[in-house]
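Student: Throughout the sequence shown, residue numbering follows the numbering used here, covering 4 to 228 in sequence.
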Amino acid sequence: MAPLKFEGIMEEIALSLKAKDAKREEIITQSREIIRRSGSAVLSIHRGEFEAAEESLKAAREALEGALQACRDFREFYYTGPLPQAFQEYAEAMILLALVRDQEVPKPAELGIPPEPYLTGVADAAGELRRYALDSIRKDSINEAWRALELMEEAYTLLKAMDYPRAVVPNLRRKVDVMRRLVEETRGDVTLAHQGLLIRRGIEKASAEMEGQRDGDVRGKGRGA
C-alpha cells in the first residue's frame, strides 16, 4: 500500500484547528461576561448607583482583556462571533456613564475596541439617554432632560454623517434610523414636560399671590373693626 500523502498535513491542521476551537470557546465565555457585566452597569447607571456601575465595568474590562488575549493569534474572531457584540455593549455602558456624569467620552482606543462596534455603541448609548431623559422628567429635573436630549441630537447628527454600507459598519444605518425616531419622541416629551412645569409654576405663583392678598384683606378688616 502506498504511503498516505496527506496524513502529516492533516495532523498538523487538526492540531491548529483544535487550538483555534479552544480559543473560540474561551472568547465566547469572556464575551458573555462582558455583555452581562455591561448590562448590569447600564441598569446601575439608571438607578444612579455609579459605584456599582464602575465595579461592573471593571469586571467587564477584565473579561475584555482576556478575550483580546485569546484572539491575539486568531484575529478573525475580532470581527466574527460574539466578540463584536461584546465590544458594542461595553462601549455603550462606558459612553453612557461618561455622558450621565458629564465627563469626557472615552475613545475607541482607550476602550481597547475597534471603531465599528464603538459607533453602534454610541447609537445604543443615545437610546439609553432617552430613558435617562424620561427619568429626569419624572423627577422634575427638566434641565437634565434637556441636556440628555442635546446629547442625543449631537450623537444622531454625527452618526448620520457616517454613511457607510453594512459591510463596513454592520447595523449602523438601522440604529441611526431608530435614533431619529427616539430623538423626535424625546424632544416632544421634554418640550411637553417643560411647558407643563411652567404652567404648574405659574399656577402655584398665582395661588400664592391670591393667598397673600386674602391674608392682607383679612388683616385690613381686623384693623377696621
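The beta carbon of each residue, even a glycine, is placed where N, CA and C say it ideally should be.
#1: What's the call for Asp-127, buried or exposed, on a 16-neighbour Cβ count within 10 Å?
#2: Please classify Gly-130: is it buried, with 16 or more other beta-carbons within 10 angstroms of its beta-carbon, or exposed?
#3: Compute the Euclidean distance between the alpha carbons of Gly-124 and Gly-115, then round it to the nearest angstrom.
#4: Looking only at its chain, what residues have a beta carbon closer than 8 Å to the beta carbon of Gln-198, apart from the 5 residues adjacent to it on each side?
#5: Between the Cα of Gly-42 and those of Asp-180, Phe-90 and Phe-9, spot the shortest distance and give me the residue it belongs to.
#6: Using 7 Å as the threshold, is the C-beta distance between Ala-17 and Arg-40 below it?
#7: For Ile-30 versus Ala-96, is the C-beta spacing smaller than 7 Å?
#8: So, is Met-13 buried or exposed, given that buried needs 16 or more other C-beta atoms within 10 angstroms?
#9: If contacts are defined as beta-carbon pairs under 8 Å, then Leu-100 and Ile-145 qualify, I think. What distance do you get, rounded to the angstrom?
Tutor: By the coordinates alone:
#1: Per the 10 Å Cβ criterion, buried.
#2: The residue in question, Gly-130, is buried, as its Cβ has 16 or more Cβ neighbours within 10 Å.
#3: Approximately 13 Å, taken between the alpha carbons.
#4: There are no such residues.
#5: Ranking the options by Cα distance to Gly-42, first place goes to Phe-90.
#6: With respect to Arg-40, Ala-17 sits apart: the two C-beta atoms are not nearer than 7 Å.
#7: The answer is no: Cβ separation not under 7 Å.
#8: With fewer than 16 Cβ atoms within 10 Å of its Cβ, Met-13 is classed as exposed.
#9: With a Cβ gap of about 22 Å, Leu-100 and Ile-145 do not count as contacting.
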